[in-house]
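All remarks here apply to the structure that follows.
Residue numbers (the numbering used here), protein chains in the order written: chain X, 1 to 278; chain D, 1001 to 1257.
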């Protein structure tokens, strides 16, 4: 492929793309095309260099204003690769299919690594420090943010730029990415399995009932806590049932939106507390 | 009834509104945790002069929000605004005891976080105006206009947090303080139960993103490790890593056998 434009794009242009992406990417996030405008604006410095006429620049920007949505730190790899392709003068369609092809898989990997694996684990540590009155919880969250928001973006941008389209093949072929996701899934599920009872341990029932039992031949009244009975059945039964209910509402035949499930849980919790069963 | 003078002036209200603006926009980019409840609460604690309370309110909201992540842009409770308002109002009830001030703060924080979902949806919808503006500017070959549209896109996001925080602190502090002094026990209890139940949504969301049908045994193992053996977080993570390694080991062993 002729590299007719290669000399024109400088390291400085690439840094401008990276900085725009890093610091402003989702500022114009909206329901209609989500991150599209952020992507188009971030890659503009390259487009301005490689498109000689205003008409070409217009067409290039219109391409990049199509729907786009991915996990922002992971997406740095996509914009790095897209910048490389634009610089090499690749066909617009090639750049589009790179973006569309990568945004889904990388969002999945990013959400797994960020929201399922690292944020809950770091979050629990930070929260326990914070609840103990230590600013360590604050600093831990900031470090966590700098890692994902700055570190991962810088690394993946240059990886994406250097490997360009190769990154597509790697992802499509699975291999390491697949292994990483599966490992994260197993680790994540194990941790969530433990988090459900530990984080929700406060959800218990104060219900009691009185039963008449025979102690040494005499009948006596005894107060039995329902929670103790439940604990013998399965410890943390109520938390398990609540999560199962919420999961079923989200994924079962009803397919409720998270907000609707949230409202249902609020009604159950608030109402349950009022009538004395939670 | 005597007139209660707002304990927070317009200055504090402006600073907290500005902090809410910065924190939500930084959630969009550069994503450096300013919007996380612990950070939002701690900074609010610095502003209102009660850092331990800010950390406690933020830490509690962090636990509630575990697993709640805006997958694909879905709206989730706004614990950022909750942390700011909960800390600021909790500080008004502070009498030397962080625990009780936190409980009072949460009776404001949790409902605020839930109500703010309405404004989140509104903000996400209204930002659509700017991408249509950008389309128009590109069509007219006015490329500076594209920059302008992208930068202005933050306004609906920032203002949907800054304005409610500003108004609540500036106008609301007096009435809210009166309300908090009057909050009945059952209400505080119901809110605290709600806070305890909400993480269930986070976990359900997490699970709905994962291939649970294929890997459910790991979920059960994790549950047993805590429910019966009380293994702490680090132990769970190490066990999970070992299980992942074991999984691949056995899978590859099978393939080569």
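The beta carbon of each residue, even a glycine, is placed where N, CA and C say it ideally should be.
At a cut-off of 8 Å between beta carbons, residue 1116 of chain D makes no contact with chain X. Inclusion of residue 1221 of chain D and residue 190 of chain X in the CB contact set at 8 Å is warranted, their separation being smaller than that value. The count of Cβ pairs closer than 8 Å, one atom from the stretch 83 to 90 of chain X and one from the stretch 107 to 114 of chain X, stays below three, leaving the stretches out of contact.
The beta carbons of residue 1127 of chain D and residue 1157 of chain D sit closer together than 8 Å.
For residue 68 of chain X, the beta-bridge partners assigned by DSSP are X/34. In this structure, residue 64 of chain X sits near residue 39 of chain X, with a CB-CB distance shorter than 8 Å. Contact of residue 197 of chain X with chain D is assigned, a C-beta pair being separated by under 8 Å. Secondary structure note for residue 10 of chain X: it is in no alpha helix (DSSP H), with a DSSP letter that is neither H nor E.
Three or more beta-carbon pairs separated by less than 8 Å are not found between the stretch 65 to 74 of chain X and the stretch 1187 to 1196 of chain D, which leaves the two stretches without contact.
Excluding the 5 residues flanking it on each side, residue 187 of chain X has same chain C-beta neighbours closer than 7 Å at 117, in chain order. Assignment of residue 210 of chain X by DSSP, reduced to helix, strand and coil, places it in the strand class. Pairing residue 273 of chain X with residue 1150 of chain D gives a Cβ-Cβ distance that is not under 8 Å.
Under DSSP, residue 219 of chain X takes part in a beta bridge, and its partners are X/214. For residue 185 of chain X, the enclosing alpha helix (DSSP H) begins and ends at 176 to 199.
Here residue 1082 of chain D is actually not in contact with residue 1203 of chain D; their C-beta atoms are around 19 Å apart, not less than 8 Å. Comparing alpha-carbon positions, the option among D/1210, D/1240 and D/1209 lying closest to residue 1223 of chain D turns out to be D/1240.
In chain order, 1154 and 1157 place their CB closer than 8 Å to the CB of residue 1028 of chain D, counting only its own chain and leaving out the 5 sequence neighbours on each side. Neighbours of residue 137 of chain X in chain D, taken as residues at a C-beta separation under 7 Å, are given in chain order as 1038, 1055 and 1059. One thing to note: residue 81 of chain X has its Cβ no nearer than 8 Å to the Cβ of residue 1055 of chain D. Using beta-carbon distances, residue 123 of chain X counts as an interface residue toward chain D, with a partner under 8 Å. The CB of residue 25 of chain X comes closer than 9 Å to the CB of 1028, 1029, 1030 and 1031 in chain D, given here in chain order.
Of the residues D/1133, D/1136, D/1144 and D/1164, the one whose Cα lies closest to the Cα of residue 1109 of chain D is D/1164.
The DSSP-derived three-state label of residue 1231 of chain D is coil. Proximity to residue 122 of chain X across D/1015, D/1059, D/1112 and D/1231 peaks at D/1059, based on C-alpha coordinates. Rounded to whole angstroms, the separation of the alpha carbons of residue 1184 of chain D and residue 270 of chain X is 14 Å.
Under the three-state reduction of DSSP output, residue 115 of chain X falls in the helix class.
Cβ neighbours of residue 77 of chain X within its own chain (closer than 8 Å, five residues either side excluded): 102, 106, 156, 157, 159, 160 and 167.
Pairing residue 120 of chain X with residue 23 of chain X gives a Cβ-Cβ distance that is not under 8 Å. Contact of residue 266 of chain X with chain D is assigned, a C-beta pair being separated by under 8 Å.
The criterion of a C-beta distance shorter than 8 Å is satisfied by residue 1200 of chain D and residue 243 of chain X.
Under the Cβ criterion of 8 Å, residue 150 of chain X is counted among the residues facing chain D.
With fewer than 16 other beta carbons inside 10 angstroms of its own, residue 1211 of chain D counts as exposed. By the C-beta density criterion, residue 70 of chain X is buried, having at least 16 other C-beta atoms within 10 angstroms. Annotated as proximal: residue 1053 of chain D and residue 1101 of chain D, with beta-carbon spacing under 8 Å.
DSSP places residue 225 of chain X in the strand class (E or B) of the three-state scheme. Between residue 1115 of chain D and residue 1086 of chain D, the C-beta spacing is not below 8 Å.
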